[in-house]
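In the working numbering, the protein residues as written are 4 to 80.
Listed below in structure tokens is the structure:
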């Protein structure tokens, strides 16, 4: 690479670096504004999600079983 090409590449690279640093600074500022849940809230939310997932698994399993039985009834085995 010639000297002229290097000189032309440096401003863009410096701009990218300052842009990246600005982005990281803004990310850190936004993370400081986040209201993090307490341990009790986190455990409550986790419990709600796990119960919901189990209920949905049971629902989908029941549908799968029912549709499977229906297909066997219609088409035979």
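The beta-carbon is built from N, C-alpha and C at its ideal position, and this holds for glycine as well.
1) Can you give me the C-alpha to C-alpha distance between residue 79 and residue 68, rounded to a whole angstrom?
2) Distance, Cα to Cα, residue 34 vs residue 65?
3) Using the Cα positions of residue 49 and residue 15, report the straight-line distance between them to the nearest angstrom.
4) Alpha carbon to alpha carbon, how far is residue 17 from residue 39? Give it in angstroms, no decimals.
5) Suppose you measure from the CA of residue 76 to the CA of residue 59; what does that come to, to the nearest Å?
Based on what the coordinates show:
1) C-alpha separation (whole angstroms): 15 Å.
2) Spanning the two alpha carbons is a distance of roughly 42 Å.
3) The alpha-carbon separation between residue 49 and residue 15 amounts to approximately 46 Å.
4) Between the C-alpha atoms of residue 39 and residue 17 there is a straight-line separation of about 35 Å.
5) So the two alpha carbons sit approximately 25 Å from each other.
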